[in-house]
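A short worksheet on the structure shown next.
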């Protein structure tokens, strides 16, 4: 089999938002944010932390093999020189 077979593809119709019903004002008045309420930004950043739990059993090779795929943004691999989303930064 030397020719690549392609699946037939027809795009889905464009989704349209539902028409609004009833009356609504063009501008919604929201209360002003409380800027002096809570912890200051630098204090919040200084005290933040991450917590993780680890299992006692090792991950199987099949799980380890699939982990780098979503992490790198790669959706398909065609060759060793393929670019992915992380290459574009």
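Numbering (the numbering used here), first residue to last: 11 to 99. All residues carry an ideal CB built from backbone N, CA and C; glycine is no exception.
What residue does the alpha helix (DSSP H) around residue 59 start on, and which one ends it?
Run containing residue 59: none; DSSP gives neither H nor E here.
According to DSSP, is residue 73 helix, strand or coil?
Three-state DSSP puts residue 73 in a helix.
So, helix, strand or coil for residue 55, using DSSP?
Residue 55: helix per DSSP, three-state reduction.
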